[in-house]
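For the sequence shown, this note's numbering puts the final residue at 1138, and the numbers step up evenly by one.
For each residue, glycine too, the CB sits at the ideal point set by N, CA and C.
Small disclaimer: the values here were computed from a predicted structure and weren't measured.
Written out below as structure tokens is the structure these notes cover.
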Amino acid sequence: MTQIDPLLHHDRILIIDFGSQVTQLIARRVRESGVYCEIWPFNQVTLDKINAFAPKGLILSGGPRSVTEADSPRAPEGIFEMGLPIFGICYGQQVMVEQLGGKVEGSEHKEFGRAFVTVQNDCSLLDGIWSVKAQEEVWMSHGDRVAQLPKNFQVIGVSDGAPYAFIADETRHFYAVQFHPEVVHTPHGSALLKNFTHKVCGCSGDWTMSAFKEETIAKIREQVGDQKVICGLSGGVDSSVTAVLLHEAIGDQLTCIYVDTGLMRAGESEQVVSLFKNHYHIPLIHEQAEDLFLGELEGVSDPEIKRKTIGRLFIEIFDKCAKDVGDAAFLAQGTLYPDVIESVSFTGGPSVTIKSHHNVGGLPERMNLKLVEPLRELFKDEVRDLGQALDMPEDFIRRHPFPGPGLAIRIPGEITRDKIEILRKADTIYLEEIQKAGLYDVIWQAFAVLLPVKTVGVMGDNRTYDYACALRAVTSTDGMTADYYHFDHEFLSRVSNRIINEVRGINRMVYDITSKPPGTIEWE
Ligand code: XMP
615 MTQIDPLLHH DRILIIDFGS QVTQLIARRV RESGVYCEIW PFNQVTLDKI
665 NAFAPKGLIL SGGPRSVTEA DSPRAPEGIF EMGLPIFGIC YGQQVMVEQL
715 GGKVEGSEHK EFGRAFVTVQ NDCSLLDGIW SVKAQEEVWM SHGDRVAQLP
765 KNFQVIGVSD GAPYAFIADE TRHFYAVQFH PEVVHTPHGS ALLKNFTHKV
815 CGCSGDWTMS AFKEETIAKI REQVGDQKVI CGLSGGVDSS VTAVLLHEAI
865 GDQLTCIYVD TGLMRAGESE QVVSLFKNHY HIPLIHEQAE DLFLGELEGV
915 SDPEIKRKTI GRLFIEIFDK CAKDVGDAAF LAQGTLYPDV IESVSFTGGP
965 SVTIKSHHNV GGLPERMNLK LVEPLRELFK DEVRDLGQAL DMPEDFIRRH
1015 PFPGPGLAIR IPGEITRDKI EILRKADTIY LEEIQKAGLY DVIWQAFAVL
1065 LPVKTVGVMG DNRTYDYACA LRAVTSTDGM TADYYHFDHE FLSRVSNRII
1115 NEVRGINRMV YDITSKPPGT IEWE
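Right, dumping it as structure tokens:
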């Protein structure tokens, strides 16, 4: 469980997770309204832990199970008697109803997707949002439904498939909905959640990035004392924000290490070095390791071997550089909250390794380093807000994610220097056009992929036999699922024409329209 120093934040909400795919979205909505919250798996929550965390209210998430099944999850015994306001969502509603003496049944009328709730009675959650008799759009995803209310509950709203779509017991401050207020497809969902956290629970909304920044800086100083810290920079947002935050906290006790693998995009290494060394004046080791990486990758075409080779070399070089720094006691890492949430798994075993992600894992034990992870409580978009609170350059904090193994995994098959050069040029043109069209910030990630396929073309009067290149652009909130970006055709034609005309070695362009799942964002 991810319990993080609770005394640091003034008002807190606890989300008890029953394994819904969208539990993280509840946390994001709550935090967007300025309230700190954490997600704990239902089977690790005890009343003692809740008391120690001292939340102002509880939210019960949705989940994949049915409360009608014998061994299905329940909320911890006694939470309904703690005197805390509780908001149950979907499975959370059903758990609340079942445990308070009502009834849940499997229903013939399943509702998935858009539905409408007709408001029948008022309650505090509706304040300033919905009025009685209104029909309001919501997003549903349920098979079971409440069939009988527990004592003292009242119907607030009904839908075609759920006579108890929205219920409340105002006296005890219990509220429960069959629909999902946390998804954007419920247009007033955030406002309903905010009424719960602010009006019902009395949270003041004091979770701001500048408060977080100040508190975290104080915490880092306390943790590190006068010892030395090393931090691996990748050029990505997370490691960059980590480094700047640490530098603000402990100044030159921090040394950053940037390993140039030769697999970076055009101008990337220069940008990183110029920002950290010249602008922030952070001690920086810039290790040129292109020959080593490209040498070891020669002839390697299997994606997993590529990733493992890069991961191994990275750790070896980092290890060497860290030793050069001398007596470092800490390693700083940009670990984010989604990486530390232990979500509830109903499949039992560990999930399958789709790709082995590379990071500096293994180093702390080997070098006897302690970890500093100041972003452990944050979601990706909050890291960007923190970057802003630190006055970091806007174009740096808005950057798309870039994978550790770099362009190596965007050149399926064997990597050569020529191919890297061709890909860099194509990628630069693509991103330039995306920026020009004002689309960079609405896209999660966009890049070109150089395919290991040569095709026949004709340019002028000549036959060509050159590489095919694929363009990828996706929208996503966390990289876990993604949809391809729907460019208009004119945009795609413009980029294709430019790449084929300006990049020697490419004579055919394709656009990747695969979502994730079933595809992944990267090609390898
Ligand atoms: P996939 O391809 O798994 O990518 O859908 C999801 C997100 O993770 C990034 N990615 C990586 N990041 N090291 C990283 O630091 C890696 O080995 C790695 N592989 C994929 C990818 O760019 C996307 O944002």
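Based on DSSP bridge pairs, tell me the residues matched to residue i.
{"i": "Glu842", "result": "Before going further, note that residue 842 is Lys rather than Glu in the sequence given. Ala942."}
{"i": "Lys1068", "result": "Tyr1081"}
{"i": "Phe1101", "result": "Paired residue(s): none; Phe1101 is not in a bridge."}
{"i": "Lys984", "result": "Phe944"}
{"i": "Trp753", "result": "Arg728"}
{"i": "Lys717", "result": "Gln762"}
{"i": "Phe932", "result": "Note: Phe932 sits in no beta bridge, so no partner."}
{"i": "Phe1088", "result": "The residue you asked about is not Phe; residue 1088 is Val in the sequence shown. In DSSP, Val1088 forms a bridge with Gln1059, Tyr1098."}
{"i": "Ile871", "result": "Gly846, Ile899"}
{"i": "Gln768", "result": "Ala782"}
{"i": "Lys1130", "result": "Ala1096"}
{"i": "Trp654", "result": "Ile630"}
{"i": "Arg1122", "result": "Ala1082"}
{"i": "Val711", "result": "BP columns for Val711 are empty, so no partner."}
{"i": "Ala790", "result": "Gly702, Ile781"}
{"i": "Gly671", "result": "Ile627"}
{"i": "Asn1076", "result": "Met1073"}
{"i": "Val733", "result": "Gly771"}
Just confirm the distance between the C-beta atoms of residue i and residue j, as a whole number of angstroms; I'd bet it's less than 8 Å.
{"i": "Val752", "j": "Asp736", "result": "Val752 to Asp736, Cβ: 17 Å. No contact."}
{"i": "Phe1159", "j": "Asp783", "result": "Nothing in the structure corresponds to residue 1159, since the chain is present only between 615 and 1138."}
{"i": "Leu898", "j": "Phe944", "result": "About 17 Å separates the two Cβ atoms, so there is no contact after all."}
{"i": "Pro1026", "j": "Pro1066", "result": "5 Å"}
{"i": "Pro978", "j": "Leu859", "result": "In fact, because the Cβ distance is near 19 Å, the residues do not count as touching under 8 Å."}
{"i": "Ala863", "j": "Ile831", "result": "4 Å"}
{"i": "Leu607", "j": "Phe810", "result": "Here the chain covers residues 615 to 1138 and nothing more, so residue 607 does not appear."}
{"i": "Ala729", "j": "Met754", "result": "4 Å"}
{"i": "Ile929", "j": "Gly976", "result": "6 Å"}
{"i": "Val1063", "j": "Ala1084", "result": "4 Å"}
{"i": "Ala641", "j": "Cys651", "result": "5 Å"}
{"i": "Cys935", "j": "Glu901", "result": "6 Å"}
Alpha carbon to alpha carbon, what distance is there between residue j and residue i?
{"i": "Gly676", "j": "His756", "result": "10 Å"}
{"i": "Gly846", "j": "Ser1107", "result": "39 Å"}
{"i": "Gln638", "j": "Pro777", "result": "27 Å"}
{"i": "Tyr1079", "j": "Thr1069", "result": "5 Å"}
{"i": "Val636", "j": "Leu906", "result": "43 Å"}
{"i": "Gly948", "j": "Thr856", "result": "6 Å"}
{"i": "Gly819", "j": "Gly671", "result": "14 Å"}
{"i": "Arg1118", "j": "Val887", "result": "29 Å"}
{"i": "Gly963", "j": "Gly633", "result": "Interpretation of Gly963 is limited by its pLDDT of 40, a score under 50 that renders its predicted location unreliable; the figure taken from the coordinates is listed afterwards. Distance between the alpha carbons of Gly963 and Gly633: 15 Å."}
{"i": "Arg998", "j": "Arg1077", "result": "48 Å"}
{"i": "Lys937", "j": "Val914", "result": "30 Å"}
{"i": "Thr875", "j": "Asp995", "result": "27 Å"}
{"i": "Val838", "j": "Asp1041", "result": "40 Å"}
{"i": "Thr961", "j": "Pro655", "result": "Its pLDDT being 46, under 50, Thr961 is placed unreliably by the model, and nothing is read from it."}
{"i": "Lys842", "j": "Gly1020", "result": "29 Å"}
{"i": "Thr1169", "j": "Asp631", "result": "The question about residue 1169 has no answer here: the residues shown for the chain are numbered 615 through 1138."}
{"i": "Ile664", "j": "Arg879", "result": "47 Å"}
{"i": "His1014", "j": "Gly850", "result": "8 Å"}
{"i": "Gln707", "j": "Asp685", "result": "17 Å"}
{"i": "Leu648", "j": "Phe694", "result": "First, the amino acid is wrong: residue 648 is Gly here, not Leu. Near 25 Å, if we compare the C-alpha coordinates of Phe694 and Gly648."}
{"i": "Gln617", "j": "Glu1028", "result": "Residue confidence is low: Gln617 scores 49 on pLDDT, short of 50, so the model does not pin down where it sits. Its coordinate-derived value is still stated next. Approximately 44 Å between the Cα atoms of the pair."}
{"i": "Leu714", "j": "Leu1000", "result": "42 Å"}
{"i": "Pro795", "j": "Glu750", "result": "12 Å"}
Around the Cβ of residue i, are there at least 16 other Cβ atoms within 10 angstroms (buried) or fewer (exposed)?
{"i": "Ile919", "result": "exposed"}
{"i": "Ser853", "result": "buried"}
{"i": "Arg643", "result": "buried"}
{"i": "His1103", "result": "exposed"}
{"i": "Ala942", "result": "buried"}
{"i": "Thr822", "result": "exposed"}
{"i": "His861", "result": "buried"}
{"i": "Gly909", "result": "exposed"}
{"i": "Phe780", "result": "buried"}
{"i": "Leu661", "result": "exposed"}
{"i": "Pro801", "result": "exposed"}
{"i": "Val798", "result": "exposed"}
{"i": "Pro678", "result": "exposed"}
{"i": "Val1072", "result": "exposed"}
Say the cut is 7 Å; is the CB of residue i nearer than that to a heavy atom of ligand 3?
{"i": "Ile1135", "result": "As for ligand 3, it is missing from this structure, which binds only ligand 1."}
- Message: Three Cβ pairs or more, each shorter than 8 Å: is that satisfied between the stretch 1051-1061 and the stretch 999-1007?
- Response: no
- Task: Inspect the CB distances between the stretch 1023-1043 and the stretch 883-897 and report whether three or more fall short of 8 Å.
- Result: Contact fails: fewer than three Cβ-Cβ distances are below 8 Å.
- Task: Assess, as a yes-or-no matter, whether the stretch 1087-1101 is touched by the stretch 1058-1065 under the definition of 3 or more beta carbon pairs within less than 8 Å.
- Result: yes
- Sufficient close CB pairs (3 or more, under 8 Å) joining the stretch 824-835 to the stretch 794-806: no
- Take every Cβ of the stretch 833-848, pair it with every Cβ of the stretch 715-723, and state whether three or more of those distances are shorter than 8 Å. no
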